[in-house]
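Visitor: One structure is given below, represented as structure tokens, and several questions about it will come after.
There are 2 protein chains.
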Amino acid sequence: MQLLEERIRRDGKVRAGGVLKVDGFLNHQMDVELFEAMAREWHRLYAGAGVNKILTIEASGIGIAVFVAKEFGCPCIFAKKTQTRNIDGSVYTSRVESFTHGRVYDVIVARDFLGPGDRVLIIDDFLAKGAALLGLSKLVEDSGAELVGAGIAVEKAFQDGGKLVRERGIRVESLARIASMDSETGVTFC
Amino acid sequence: MQLLEERIRRDGKVRAGGVLKVDGFLNHQMDVELFEAMAREWHRLYAGAGVNKILTIEASGIGIAVFVAKEFGCPCIFAKKTQTRNIDGSVYTSRVESFTHGRVYDVIVARDFLGPGDRVLIIDDFLAKGAALLGLSKLVEDSGAELVGAGIAVEKAFQDGGKLVRERGIRVESLARIASMDSETGVTFC
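One line per chain: the protein sequences are E and L, in this order. When you read off a place in the first sequence, starting at 1, and then add 1282, the result is the number in my numbering. When you read off a place in the second sequence, starting at 1, and then add 1282, the result is the number in my numbering.
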């Protein structure tokens, strides 16, 4: 998606260790006009897929996902991260390893809000190693709902998450796919 | 706001210990049509106040706050919670005590995104003891920005946070103010 790629080129900052800072418009300060345009694009891509629930994960997916829910006219659920192991039977749970933060956490969704008959589109800001996306897709599977696919804002295509997820038969629509990035030469898209 | 009060009466659940569960429409599964209506109401209440930045706190404030930003045609920032003390000089920081979770954390906002000339409206889902709202208002003050006021979805008016915040001269517009609640008789609004 040209609009997002241009914005990343203009305002994104490449830091050491493969970190792309987009906190001026995507995941700290949020450009809601951009989010609306992104939501319209996923709505176009998943038209006719019968999406009736949007699922994201706290925190930085939420701002994007609610505009997608508005496009589809359906509710949006955010999975919660927790490090407590005292989880009762009222939730679906999945373990996720965060490479950015170097820790493992559980993500949970209340059983009340996901189940057979739901057709779920997962929305998140980043796809790198695919841990969060695979964790969310397991929650959907456990619930008996149908996973329609995923909408990702920025995919680091030089990492293996996208390949891993697509090999499992999950449709992934990333609006910006980064082929390579470097703090001197900047970002190259696929 | 009648729409929100009716929804709380219908779908809210009062639990032991003064807990109001609204996770079916407000802070786990999110009803984005309701959020849009709430955003329009705050836009009406703060019309002419020159709001040019929305500030909220992760996670459950974000879904509401982005729709408010859309109404005002301005960016939305979410303050991040962190328990690390290694905070460099690039952020404003404030300590907040969470009574719900029984711990203290720091909230941070990057200096790049808040400063003199900004007129800030704080948005959050709950106001009880006022800790989060006072923490956010300190960040705004430290940045040199002007705090226009706060928009709260649900105020527990039987707790002292609202009084405490208003006594400091901060304008607070809560869309539902709960006078009392009880697991048998339900919720009474102010």
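Every residue gets a Cβ at the ideal spot worked out from N, C-alpha and C, and that includes glycine.
I want to verify the contact list: residues of chain E whose CB lies under 8 Å from the CB of A1351/L, in sequence order.
Guide: For the purposes of this step, residue 1351/L is taken as residue 69 along the second sequence, with counting starting at 1. Those within 8 Å of A1351/L in chain E are M1312 and V1314.
Visitor: Quick one: which unbroken alpha helix (DSSP H) runs of 4-plus residues sit fully inside the stretch 1340–1420 of chain E? Chain order, please.
Guide: Whole alpha helix (DSSP H) segments, 4+ residues: 1344–1354.
Visitor: Note down, in chain order, each residue of its chain lying with its Cβ closer than 6 Å to the Cβ of L1327/L, except the 5 sequence neighbours on either side.
Guide: Translated into positions along the second sequence, residue 1327/L becomes position 45. Around L1327/L: E1455.
Visitor: Straight-line CA distance for D1293/E to L1403/E?
Guide: Taking the first residue of the first sequence as 1, we reach residue 1293/E at position 11. Taking the first residue of the first sequence as 1, we reach residue 1403/E at position 121. Approximately 28 Å, taken between the alpha carbons.
Visitor: Straight-line CA distance for G1399/E to K1335/E?
Guide: Start at 1 with the first residue of the first sequence, and residue 1399/E comes out as number 117. Start at 1 with the first residue of the first sequence, and residue 1335/E comes out as number 53. Using only the alpha carbons, I get a separation of about 10 Å.
Visitor: May I ask which residues mark the beginning and end of the alpha helix (DSSP H) holding R1322/L?
Guide: In the second sequence, the residue the question calls residue 1322/L occupies position 40. Element bounds for R1322/L: V1314 to L1327.
Visitor: Would you tell me roughly how many angstroms separate the C-alpha atoms of C1358/L and R1393/L, rounded to the nearest one?
Guide: On the second sequence, position 76 is the one that residue 1358/L refers to. On the second sequence, position 111 is the one that residue 1393/L refers to. Whole-angstrom Cα-Cα distance: 14 Å.
Visitor: In chain L, which residues lie less than 9 Å from V1348/E when you measure between Cβ atoms?
Guide: In the first sequence, residue 1348/E corresponds to position 66, counting from 1. Simply M1312, V1314, F1317, I1344, G1345, I1346, V1348 and F1349.
Visitor: Take E1287/L as the anchor and find which of A1298/L, F1307/L, G1300/L and R1297/L has the nearest alpha-carbon.
Guide: On the second sequence, position 5 is the one that residue 1287/L refers to. Nearest option by C-alpha distance: F1307/L.
Visitor: Could you name the residues of the stretch 1295–1310 of chain L whose beta carbon sits closer than 9 Å to any beta carbon of chain E, in the order they occur along the chain?
Guide: Of all residues in the stretch 1295–1310 of chain L, D1305, G1306, F1307, N1309 and H1310 have a Cβ within less than 9 Å of some Cβ in chain E.
Visitor: What is the C-beta distance between G1343/L and F1360/L, in whole angstroms, given that I count them as a contact (C-beta under 8 Å)?
Guide: As a first step, residue 1343/L must be located in the second sequence, where it is residue number 61. As a first step, residue 1360/L must be located in the second sequence, where it is residue number 78. Contact holds; Cβ gap of about 7 Å.
Visitor: Can you tell me which of V1333/L, F1349/L and G1299/L puts its alpha carbon nearest to the alpha carbon of R1322/L?
Guide: Position 40 of the second sequence holds residue 1322/L. The candidate whose alpha carbon is nearest that of R1322/L is F1349/L.
Visitor: Can you check DSSP and say which residues form a bridge with V1304/L?
Guide: Stepping through the second sequence from its first residue, residue 1304/L is reached at position 22. Answer is none; V1304/L lacks a bridge partner.
Visitor: If you measure between the beta carbons of D1464/L and V1304/L, is that distance less than 8 Å?
Guide: The residue given as residue 1464/L occupies position 182 in the second sequence. The residue given as residue 1304/L occupies position 22 in the second sequence. Not in contact: D1464/L and V1304/L (Cβ atoms no closer than 8 Å).
Visitor: Quick check: what's the CA-CA separation for G1431/E versus S1462/L?
Guide: Counting from one through the first sequence, the residue named residue 1431/E turns up at place 149. Counting from one through the second sequence, the residue named residue 1462/L turns up at place 180. Spanning the two alpha carbons is a distance of roughly 43 Å.
Visitor: Assuming L1418/L and V1389/L are in contact, meaning their beta carbons sit under 8 Å apart, how far apart are those beta carbons, in whole angstroms?
Guide: What you label residue 1418/L is simply residue 136 of the second sequence in a count that begins at 1. What you label residue 1389/L is simply residue 107 of the second sequence in a count that begins at 1. Right, their Cβ atoms sit about 7 Å apart.
Visitor: Do G1397/E and A1427/E have their C-beta atoms within less than 8 Å of each other?
Guide: One-based indexing of the first sequence puts residue 1397/E at position 115. One-based indexing of the first sequence puts residue 1427/E at position 145. Closer than 8 Å, so yes.
Visitor: For C1358/L, which residues in chain E fall below 9 Å Cβ to Cβ?
Guide: To locate residue 1358/L, count along the second sequence from 1; it is residue 76. Ordered by position in chain E, the residues that pass the 9 Å Cβ test against C1358/L are Q1311, M1312, D1313, V1314 and G1345.
Visitor: Does the CB of A1341/E have a neighbour CB from chain C at under 8 Å?
Guide: The chain labelled as chain C is not found among the protein chains of the depicted structure, namely E and L.
Visitor: I need the boundaries of the beta strand (DSSP E) containing R1291/E, first residue and last residue.
Guide: The residue given as residue 1291/E occupies position 9 in the first sequence. Run containing R1291/E: none in the beta strand (DSSP E); it sits in the alpha helix (DSSP H), Q1284 to D1293.
Visitor: Apply the 10 Å Cβ neighbour rule to H1383/E and answer buried if 16 or more other Cβ atoms are within range, or exposed otherwise.
Guide: In the first sequence, counting from the first residue as 1, residue 1383/E sits at position 101. It counts as exposed.
Visitor: Please report the distance separating the alpha-carbon of Q1441/E from that of A1410/E.
Guide: Against the first sequence, residue 1441/E aligns to sequence position 159. Against the first sequence, residue 1410/E aligns to sequence position 128. Q1441/E and A1410/E: Cα-Cα distance of roughly 6 Å.
Visitor: Distance cutoff 8 Å, beta carbons only. Does A1392/E sit that close to anything in chain L?
Guide: Taking the first sequence and counting its residues from 1, the one referred to as residue 1392/E is at position 110. Yes - at least one Cβ of chain L is within 8 Å of the one on A1392/E.
Visitor: Taking the CB atoms as reference points, tell me whether E1379/E and V1386/E lie closer together than 8 Å.
Guide: Numbered from 1 along the first sequence, position 97 holds the residue referred to as residue 1379/E. Numbered from 1 along the first sequence, position 104 holds the residue referred to as residue 1386/E. Yes, the Cβ-Cβ distance between E1379/E and V1386/E is below 8 Å.
Visitor: Excluding sequence positions up to five away, which residues of its chain have a Cβ less than 7 Å from the Cβ of F1471/E?
Guide: Numbered from 1 along the first sequence, position 189 holds the residue referred to as residue 1471/E. Around F1471/E: E1287, A1458, R1459, I1460 and A1461.
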